[in-house]
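Residue numbers (my numbering): 30 to 666.
Remarks on the structure that follows.
Shown next, in the form of structure tokens:
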């Protein structure tokens with residue numbers, strides 16, 4: 030079975046190579062080639078999953094060594110894969126949801142002239158993401174990490190004829206490079222400290238601690254902080270979150286694939302996979318929880334003020350990933366629940382993005398929710414599937430988001446002490462705001478009177494249901510939105526599945542689980558009610574009102590771009606000018622001054638070589654006199 034691991038990556042990688050190099054002769058069938066190969070990868074993943082289920086819980090790890098990548102003495106790196114419960118979870122999510130998004134894209138991109146290339150990029154992304162989660166060492170993980178960054182750049186900027194899409198792609202690429210520097214520095218510190226990149230020797234197991242247990246807390250803190258920086262870039266966490274909203278310029282399937290179930294979860298995977306490092310570095314672990322708590326509130330507030338349906342969902346993604354990072358920062362109390370929410374979020378958020386794409390498909394690509402209204406009558410399948418995703422994300426009792434988010438809030442309180450109360454309070458507040466902004470999206474899109482108007486060319490939208498190639502993936506994702514959380518929670522199945530890899534600690538909760546659940550449901554009801562009273566009981570203006578100071582700031586992403594421009598761009602310019610000034614005045618001054626001094630001194634010394642014997646005789650006499658005087662002085666002393 031180990032030989033199938035490489036085929037998981039090889040199938041979509043082959044699709045990318047064929048579609049990107051095959052030329053126009055494949056235009057008619059390229060989309061089906063990409064979809065079939067993504068599905069083949071999912072089938073291989075399902076076979077391996079069944080094989081793992083047949084093994085003992087403590088021995089569900091498969092490894093495959095392909096070849097020595099860097100066979101240098103003292104610097105050994107292999108192309109080897111590791112399939113365990115954690116990576117298997119990601120494999121099924123990536124290939125399963127990815128295959129559905131491929132199928133959806135067949136209909137969504139039907140009239141695009143470059144559809145074959147689009148599917149090639151999708152396959153490339155799947156291959157890179159699978160390499161990231163299956164790598165057996167940090168150096169190979171870094172290759173997948175950069176591959177994901179490249180593929181996301183190509184997909185976000187796929188419609189590069191639009192200046193906004195080209196700019197968004199460059200922004201995502203550059204912001205992620207900052208995080209990537211963190212990962213590269215972390216890997217350098219690992220190698221200089223431990224002499225290896227491999228997960229096994231570094232991280233060890235519960236029975237046999239790895240090399241991380243043999244080094245200082247300061248070194249592990251430095252590694253943890255660099256890994257957190259990397260996670261902030263890929264997972265759009267504060268302070269590297271600014272690229273996510275602009276990335277909505279890409280085609281909607283890209284938003285569903287990259288910004289719901291795969292790329293933005295890579296940072297969560299990195300933190301959980303490196304749990305042994307963070308467990309031994311409490312300061313770095315505390316910062317992870319702070320970043321998660323701040324981001325879940327940041328994204329939720331931004332999502333409340335967006336009228337663009339995709340950007341509202343982008344703020345939601347930022348917030349939900351914040352929940353996962355918060356849980357991952359709690360250590361063994363929260364690792365399992367971070368991954369559980371990651372999986373359930375993959376279902377309902379991918380369904381929500383695909384539902385948004387279906388609405389746009391029927392509304393002539395209009396994205397402003399204030400120009401929707403009453404679409405439930407025209408798009409019943411989209412309405413039902415989107416509605417189930419909405420109920421899941423707000424934590425409606427019985428649906429998947431209820432189980433996973435409730436567990437994270439419980440884990441936050443279980444941290445204990447003042448820290449637990451603060452983190453739990455932030456998580457509860459985020460749940461209330463989530464219910465508010467998602468109810469706003471639901472009401473503005475599907476309820477009320479129709480508000481659409483003719484475009485600048487006089488064409489009025491004629492809303493209609495999407496073709497079956499788009500609705501079938503939405504229906505399947507809706508089933509996951511409804512049933513996944515309950516399936517995972519029955520008998521603590523998901524906990525027992527991941528515990529051998531992540532470990533688990535129940536913590537010391539200051540309040541009961543029933544109280545947390547009741548509080549979560551209560552704040553959800555408050556959020557839904559507030560949004561309904563504001564948007565469902567009164568006419569919605571087509572043009573958004575000016576709003577409060579906070580609303581205006583949230584529309585501008587809480588001034589994140591202004592902050593980056595002032596602090597990073599302007600600050601970078603001033604820093605550069607200062608460094609140039611120092612270089613010109615100090616460095617060049619010292620160099621040029623030294624050169625001038627040597628030149629002047631040599632000019633004066635050159636005058637001593639005048640060719641007159643009497644001058645040389647006087648010099649010799651003077652030198653001899655100085656030697657005699659020095660000798661007499663030394664004897665006198």
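Idealized CB from N, CA, C, for every residue including glycine.
C-alpha gap between residue i and residue j, whole angstroms
i: residue 335; j: residue 173; result: 33 Å
i: residue 409; j: residue 481; result: 18 Å
i: residue 509; j: residue 122; result: 11 Å
i: residue 71; j: residue 419; result: 27 Å
i: residue 400; j: residue 157; result: 38 Å
i: residue 195; j: residue 205; result: 16 Å
i: residue 287; j: residue 159; result: 13 Å
i: residue 650; j: residue 638; result: 16 Å
i: residue 217; j: residue 345; result: 34 Å
i: residue 329; j: residue 463; result: 6 Å
i: residue 191; j: residue 261; result: 28 Å
i: residue 321; j: residue 458; result: 13 Å
i: residue 64; j: residue 142; result: 18 Å
i: residue 101; j: residue 75; result: 37 Å
i: residue 631; j: residue 623; result: 12 Å
i: residue 137; j: residue 350; result: 26 Å
i: residue 455; j: residue 487; result: 47 Å
i: residue 438; j: residue 445; result: 12 Å
i: residue 582; j: residue 511; result: 35 Å
i: residue 371; j: residue 502; result: 19 Å
i: residue 233; j: residue 390; result: 50 Å
i: residue 663; j: residue 656; result: 11 Å
i: residue 397; j: residue 555; result: 26 Å
i: residue 393; j: residue 386; result: 11 Å
Best match in the options for proximity to residue i [C-alpha to C-alpha]
i: residue 531; options: 486, 474, 384 and 299; result: 299
i: residue 428; options: 516, 75, 589 and 156; result: 516
i: residue 505; options: 35, 376 and 112; result: 376
i: residue 312; options: 466, 537, 303 and 250; result: 250
i: residue 12; options: 315, 69 and 537; result: No statement about residue 12 is possible, as the shown extent of the chain runs from 30 to 666 and does not include it.
i: residue 411; options: 475, 656 and 348; result: 475
i: residue 360; options: 490, 264 and 308; result: 308
i: residue 453; options: 46, 544 and 110; result: 544
i: residue 421; options: 373, 393 and 406; result: 373
i: residue 295; options: 222, 55, 115 and 471; result: 115
i: residue 342; options: 281, 451, 82 and 407; result: 281
i: residue 573; options: 473, 611 and 513; result: 473
i: residue 150; options: 56, 352 and 45; result: 45
i: residue 182; options: 660, 33, 226 and 284; result: 284
Three-state class that DSSP yields for residue i in the structure shown
i: residue 205; result: helix
i: residue 89; result: coil
i: residue 538; result: coil
i: residue 337; result: strand
i: residue 469; result: helix
i: residue 397; result: strand
i: residue 309; result: coil
i: residue 238; result: strand
i: residue 359; result: coil
i: residue 480; result: coil
i: residue 226; result: coil
i: residue 332; result: helix
i: residue 403; result: coil
i: residue 351; result: helix
i: residue 532; result: coil
i: residue 380; result: helix
i: residue 52; result: coil
Within-8 Å CB hit, residue i to chain D
i: residue 301; result: The displayed structure is made up of one protein chain only, and chain D is not part of it.
Nearest-angstrom beta carbon gap, residue j and residue i [assumed within contact, 8 Å]
i: residue 133; j: residue 498; result: 7 Å
i: residue 477; j: residue 403; result: 6 Å
i: residue 124; j: residue 39; result: Not quite, the Cβ-Cβ distance comes to about 13 Å (not below 8 Å), so this is no contact.
i: residue 112; j: residue 365; result: That pair is no contact at about 18 Å.
i: residue 184; j: residue 154; result: 6 Å
i: residue 521; j: residue 443; result: 15 Å between Cβ atoms; not a contact.
i: residue 460; j: residue 552; result: 5 Å
i: residue 105; j: residue 99; result: 7 Å
i: residue 324; j: residue 292; result: Not confirmed; about 16 Å, so no contact.
- prompt: Considering only residues of the segment 58–102, which uninterrupted alpha helix (DSSP H) runs meet the minimum length of 4 residues and lie entirely inside it, listed in chain order?
  reply: Taking only runs of at least 4 residues, the alpha helix (DSSP H) segments lying wholly in the segment 58–102 are 59–82.
- request: Could you name each continuous alpha helix (DSSP H) segment of 4 residues or more that falls completely within the segment 611–652, going from the start of the chain to the end?
  value: 617–635
- request: Please list the segments of the beta strand (DSSP E) lying wholly inside the segment 243–291, counting only runs of 3 or more residues, in order along the chain.
  value: none
- prompt: Can you give, in chain order, each stretch of the alpha helix (DSSP H) that sits fully within the segment 137–214 and has at least 4 residues?
  reply: 144–163 and 167–185
field: alpha helix (DSSP H) runs wholly inside the segment 482–520, at least 4 long, in chain order
entry: 497–518
task: Only counting runs of 4 or more residues, tell me where the alpha helix (DSSP H) segments fall wholly within the segment 554–621, in order along the chain.
output: Inside the segment 554–621, DSSP marks whole alpha helix (DSSP H) runs of 4 or more residues at positions 578–584, 589–592 and 600–611, from first to last along the chain.
field: Contained beta strand (DSSP E) runs [length at least 3] in the segment 407–459, N- to C-terminal order
entry: none
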